[in-house]
Amino acid sequence: MAFPNSGERKLLALWLYEIGAFALLPLIIYVLVYLLIGEEVVQVLLLPEWLFITVLLYGSILGKLVVHFRDYAGYLPRIRRTIAQGVLGILIASVLLCVSIIAPFVTEITLGTFFYAAQFSLFTHALWQSAQVHYKVGKLEGLDEELASRERKSDEATSTDVA
């Protein structure tokens with residue numbers, strides 16, 4: 003794999019900023035609060051918010067794909083698979099989220115290590131899919147070239163201002 007050019011790096015940076023503000027910032031705040039109140043940071047892994055953010059990430063993926071391909075004459079098989087993964091991810095994450103919300107109130111339900119591993123695996127998959135979809139759709143729309151072009155124009159303007 004070739005090292006990404008300036009536009010591709012900026013495309014990945016845009017995704018990271020979006021995900022950072024959208025998904026990771028609330029989790030960072032949770033970690034800080036847990037540290038401030040003296041809880042173990044490991045307890046953050048047990049929060050149901052991972053599943054809520056997972057649902058949001060899958061929704062973002064689906065929205066990006068549907069908006070990009072709504073005018074397309076027919077969905078490609080790869081797009082169908084990614085959309086199916088997103089819908090299935092939303093379904094599984096929603097069911098697990100309901101279970102994790104109900105579990106503290108029902109004594110018969112205990113959430114074990116497998117549950118939390120599944121929760122974190124779904125989150126990781128959604129994060130990975132989000133990066134891939136945003137990157138690939140951005141390249142298909144020419145956003146990487148546009149970002150690189152803007153950078154070149156900015157560099158040219160800076161060099162003429164200095165001279």
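Under the working numbering, the first residue of the sequence shown carries the number 3, and numbering increases by one thereafter.
Here a beta-carbon is modelled for each residue, glycine too, at the ideal position from N, C-alpha and C.
Nearest neighbour of Ala86, chosen from Gln131, Thr109, Glu51 and Val108 [CA to CA]:
Gln131
Can you grab the Cα-Cα spacing for the pair Thr56 / Phe125, in whole Å?
5 Å
Could you spell out where the alpha helix (DSSP H) holding Gly125 opens and where it closes?
Checking the displayed sequence, the identity of residue 125 turns out to be Phe instead of Gly. Unbroken alpha helix (DSSP H) run through Phe125: Thr115 to Leu142.
Alpha carbons only, please: which of Pro50, Glu20, Ile103 and Val101 is nearest the one belonging to Tyr32?
Pro50
For the alpha helix (DSSP H) containing Thr84, name the first residue and the last one.
Pro79 to Ile104
Just the Cα atoms here: how many angstroms apart are Tyr137 and Glu10?
8 Å
Buried or exposed: where does Leu149 fall if 16 or more other Cβ atoms within 10 Å of its Cβ makes it buried?
buried
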